[in-house]
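Just below is one structure, and these are the notes that go with it.
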Amino acid sequence: KITYCQGKEDAGRIVADITANGGEAEAFRFDALRPETDSAARDWAPTHLYYFATPYIVPGIKGAFSPALFARFCGFYVGGFADAVRAFRSAELKRIFYPSTVMIDELPANLGEYAAAKSAGETLCAFLEKTGGLKVHKPRLPRLSTDQTSSIMPRGRQDPVPLLLGELRACRDLPD
Numbered sequence: 005k006i007t008y009c010q011g012k013e014d015a016g017r018i019v020a021d022i023t024a025n026g027g028e029a030e031a032f033r034f035d036a037l038r039p040e041t042d043s044a045a046r047d048w049a050p051t052h053l054y055y056f057a058t059p060y061i062v063p064g065i066k067g068a069f070s071p072a073l074f075a076r077f078c079g080f081y082v083g084g085f086a087d088a089v090r091a092f093r094s095a096e097l098k099r100i101f102y103p104s105t106v107m108i109d110e111l112p113a114n115l116g117e118y119a120a121a122k123s124a125g126e127t128l129c130a131f132l133e134k135t136g137g138l139k140v141h142k143p144r145l146p147r148l149s150t151d152q153t154s155s156i157m158p159r160g161r162q163d164p165v166p167l168l169l170g171e172l173r174a175c176r177d178l179p180d
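Numbered according to my numbering, the sequence shown spans residues 5 to 180.
Written out as structure tokens, the structure reads:
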């Protein structure tokens, strides 16, 4: 199963592609900020959770820290992530993929809120591993070409497909 919050048509195309190639798939709406409203999650017991929920990543003011922007990012990367794990938690759930960011190390002057929220999310991942018996793969990904980063001015962003495929395989292959 795959989820979406926005982009029902995109999710439908992914399901169609999977089923056209012999797989089984279905999509349902899931809002990481309001998981209690998504009834389809109640009957699902996945073995793996791939968490890609994110808001639009807006930069802050260079050299200033906005608690409101930090809270917005934390809503997705900490609270929303914890709620998603809780919503899909079952005896079968063993592995989680939580994409993080190299921005934690680079700390651009206008992305402190984003980097701090992702760092807090990584701490939550470590907590889930220590207390929940889960294996969490949390690679710090570089800036990739996505819907969020598309621009008429190319900026040396990597093609996400080979990089993400390698990281997804690394998550799958985590030792028990």
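Note that the Cβ used here is the ideal one computed from N, Cα and C, for glycine as well.
Values in this document were obtained by computation on a predicted structure and should not be read as measured data.
The DSSP-derived three-state label of K142 is coil. The Cβ neighbour count for E126, taken over all protein chains shown within 10 Å, is at least 16; the residue is labelled buried. Under DSSP, R38 forms no beta bridge with any residue. C-alpha of S94 to C-alpha of Y54: approximately 15 Å in a straight line. Shortest Cα-Cα distance from A113 to any of A20, G67, A174 involves G67. About 7 Å separates the CB atoms of I100 and V89; that is less than 8 Å, so the two are in contact.
Boundaries of the alpha helix (DSSP H) harbouring I108: 107–110, taken from the DSSP string.
Listed in chain order, the non-local C-beta contacts of V19 below 8 Å within the same chain comprise I6, A29, E30, A31, local neighbours out to five positions each way being set aside.
Put simply, of L115, L145, I65 the residue whose alpha carbon is nearest the alpha carbon of V165 is L145.
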